[in-house]
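Scroll down for the structure; my scribbles are underneath it.
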Amino acid sequence: MLSTKETSSASKPTLPFLAVEHSQLTLAALEKTFPQLLFSTDKAGAITFANQAFQKFIGRSLNGLLDQNISDFIEKKILGSGEEKSDKKLIAPFFEKFIESINEGNESKIIELALLNKDGVSETFTTSITGIFAKNELTGFLFVASNVIQRGNEENALMANENKFKLLTENIPGTIYLCKNDAFFTPLYLNNHIETLVGYTATEFISGAVNFVQLYHPEDTKMIFEAVEKALEEKTSFNLQYRIKHKNGIYKWVGEVGIGLYEAGELVMLEGYLNDITEKKNAEDEIRLSRRNLELAADSLQKQNDQLNNFAYILSHNLRSPVGNISALISLLSEKSTIEEYRTIFDNLKHTASSLQDTLNDLMETLKIKEDTEIQKDRLSFQDCLNKVQQDLAGEIIKAEAVILHDFSGCPNIAYPKAYLESIFLNLLSNSIKYRSTNRKLVVNFTSFRKGEKNYLSISDNGKGIDLTKYGDALFGLHKTFHNHPEAKGVGLFLTKTQIETLGGSISATSKLDQGATFTIQF
């Protein structure tokens, strides 16, 4: 009896058997999966093997092809031979040429071969023919055929995709680039929009006649390099805003988004997008200027308030002396006073009156409020204001299917600048519509009331809400947004707060995520 070890050794296949088995498996895989036409023949052209792609092309099974001569499936005019064959069975001379070629040391040859498909239609293939050897003897040929038309279609498709890419890049309203990570960010590719941006052509950049670095504003160059270097170290994208010099000498603001491209962990190039943001920056500057103007207006109002608070002190301090002097002078006169005494007192009164006039002029200059800083207030109806804003937002309200409720019975009207009150209603109602929940119908409720000597307005909705724990400190900041909405600019709440505070009021908010928000204004 054999031991377990001996039994295993005895039953283990021999290496030659494994090699044969492996070859058979490989051949079976090629027969099923190889996409090109794969077939073999003996030296006379008799088919000895054909994969499924060839079987499908010819319209016959492997058994139906074996021992058939390839000449049955080759067009009479053999491509490349220039000879017309009257009988396709005379294919042997065709193979003799390859036998001669192989004997000269060329084991494979590529030709254009016309094969007849199952419908008898000729299709041209680029065909690689390789000799098959057994014990150093040529026994047949292996054919691998790729359809010329199909390859042409693939090339056409590739060209079409390239044309689509070019069409896309040229119609994007900005500059797409691929560039080296060198000292000048030398471009490898630029679309033609670069000329619109800086006045120089893509060819001028790619040839090195001009480079980006020489066009950067001197104050921005260091920032650009540091930001790009940091992003590349962290393998993240970079997002920049900087100034670049146009060919006409004028600087433009550009926005750039880019990222490094890596192969096997190594940086090979940068790709990105540049667009002109000059108008955007100018608009931001205008907003900043508007904010500054509002701040100056608020400062002016505060100064005016301080002036009014000090008015009594100014009167008592600046007018007490001349008024007292007048009283004292008059008390010196009596029925017995002489003409000379009257003249003396009168002269002193003239000087005192002149001094008093100067004091009053100074006082008026000190207390003067310029007309251009005064904001006219009108007696306004909350109902009328809401009606006006609802008309302005009618389309958005209908689109959102919003329900607008109100109760102004607690405080029907208020003395306030009309433009400001309408702006407050507009900003808060449009925000409620913009940030409504998709899970329920939007309901917005306006309520006015009095508390003590103050007038209040409350606007509540059941929208997405705001995480005040996270964003509370920045809620009314300029350009601060808290939802991914394409129209979110972060300006409305800032302007609303500024307008309210300019007139001595205040605004506060309460909110929870997915439970809506309430804004309360004290006028």
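Numbers given in my numbering equal positions in the sequence shown, counted from 1, plus 12.
All C-beta atoms, glycine included, are put in the ideal place defined by N, C-alpha and C.
Same chain, Cβ closer than 6 Å to residue i, five either side skipped, listed in chain order
| i | result |
| --- | --- |
| glutamine 80 | Ile59 |
| asparagine 457 | Leu417 and Ser472 |
| isoleucine 436 | Thr508 |
| phenylalanine 196 | Asn223 and Val225 |
| alanine 126 | Glu87, Leu91, Ser134 and Thr136 |
| glycine 270 | Phe250, Leu282 and Gly284 |
Helix, strand or coil at residue i [DSSP, three-state]
| i | result |
| --- | --- |
| asparagine 251 | strand |
| asparagine 148 | coil |
| valine 222 | coil |
| glutamate 291 | helix |
| asparagine 75 | helix |
| aspartate 526 | coil |
| cysteine 397 | helix |
| isoleucine 436 | helix |
| lysine 55 | coil |
| glutamate 347 | coil |
| isoleucine 478 | coil |
| glutamate 298 | helix |
| serine 449 | coil |
| glycine 143 | strand |
| phenylalanine 217 | helix |
| alanine 486 | helix |
| tyrosine 263 | strand |
| asparagine 204 | coil |
| glutamate 231 | coil |
| leucine 313 | helix |
| aspartate 99 | Residue confidence is low: aspartate 99 scores 42 on pLDDT, short of 50, so the model does not pin down where it sits. No coordinate-derived value is stated. |
| leucine 279 | strand |
Cβ-based neighbour list, residue i, same chain, cut-off 8 Å, excluding 5 preceding and 5 following
| i | result |
| --- | --- |
| glycine 517 | Ile533, Gln534 and Phe535 |
| valine 10 | Since the displayed the chain opens at 13 and closes at 535, residue 10 lies outside it and no answer follows. |
| leucine 27 | Any reading at leucine 27 needs caution, since the residue's pLDDT is 46, under 50, leaving its predicted position unreliable; the model's value is listed next. If we look at leucine 27 and ignore the five residues flanking it on each side, it has no Cβ neighbours. |
| aspartate 194 | none |
One or two residues paired with residue i in a DSSP bridge
| i | result |
| --- | --- |
| alanine 126 | Thr136 |
| phenylalanine 531 | Ile471 and Ala521 |
| histidine 258 | Paired residue(s): none; histidine 258 is not in a bridge. |
| valine 415 | Val455 |
| lysine 466 | Lys463 |
| arginine 304 | None; arginine 304 has no bridge partner. |
| asparagine 425 | Ser393 |
| glycine 270 | Phe250 and Gly284 |
| glutamate 245 | DSSP output for glutamate 245 lists no bridge partner at all. |
| serine 120 | Thr142 |
| proline 199 | Cys191 |
| alanine 62 | Phe51 |
| phenylalanine 153 | Thr53 and Gly143 |
| serine 158 | Thr138 |
| isoleucine 86 | Leu127 |
| asparagine 360 | Partner(s): none; asparagine 360 has no beta bridge. |
Residue i, buried or exposed, once every other Cβ within 10 Å from all chains shown has been counted against 16
| i | result |
| --- | --- |
| lysine 524 | exposed |
| tyrosine 274 | exposed |
| glycine 76 | exposed |
| alanine 65 | buried |
| glutamate 268 | buried |
| isoleucine 351 | exposed |
| alanine 486 | exposed |
| tyrosine 228 | buried |
| leucine 405 | buried |
| leucine 469 | buried |
| glycine 143 | buried |
| leucine 200 | exposed |
| asparagine 467 | buried |
| alanine 365 | exposed |
| serine 510 | A quick correction: the sequence has threonine, not serine, at residue 510. Threonine 510 comes out buried. |
| leucine 78 | exposed |
| valine 280 | exposed |
| isoleucine 410 | exposed |
| glycine 132 | exposed |
| aspartate 189 | The question names aspartate, yet the displayed sequence has tyrosine at residue 189. So tyrosine 189 ends up on the buried side. |
| phenylalanine 29 | With a pLDDT of only 48 at phenylalanine 29, under 50, the local geometry of the prediction cannot be trusted, and no value is derived from it. |
Contact set for residue i: own chain, Cβ-Cβ below 7 Å, skip 5 residues either direction
| i | result |
| --- | --- |
| alanine 146 | none |
| leucine 74 | Ala62 and Gln67 |
| histidine 329 | Note that histidine 329 scores a pLDDT of 42, beneath 50, so its modelled location is shaky; the value from the coordinates is reported in the next line. The answer is none, since no qualifying residue turns up. |
Cβ-heavy atom distance, residue i to the ligand COA, below 7 Å
| i | result |
| --- | --- |
| asparagine 467 | Although the ligand COA was asked about, the structure shown includes no ligands whatsoever. |
**Request:** Determine, using beta-carbon pairs with one atom in the region 288–301 and one in the region 254–266, whether at least three such pairs fall under 8 Å.
**Result:** Using a Cβ-Cβ distance cut-off of 8 Å, the region 288–301 and the region 254–266 are in contact, since at least three pairs of beta carbons, one from each stretch, lie closer than that value.
**Request:** Check whether the region 47–64 touches the region 153–160, counting contact only when three or more Cβ pairs, one atom from each stretch, lie closer than 8 Å.
**Result:** yes
**Prompt:** Would you call the region 421–434 and the region 386–399 in contact, with 3 or more CB pairs under 8 Å?
**Reply:** Here the region 421–434 makes contact with the region 386–399; the two share three or more CB pairs at distances below 8 Å.
**Request:** Could you say if the region 300–309 and the region 276–286 meet the contact criterion of at least three C-beta pairs nearer than 8 Å?
**Result:** Contact fails: fewer than three Cβ-Cβ distances are below 8 Å.
**Request:** Would you check if the region 475–485 and the region 446–463 touch, i.e. whether three or more CB-CB distances between them fall below 8 Å?
**Result:** Result yes; three or more Cβ-Cβ pairs closer than 8 Å.
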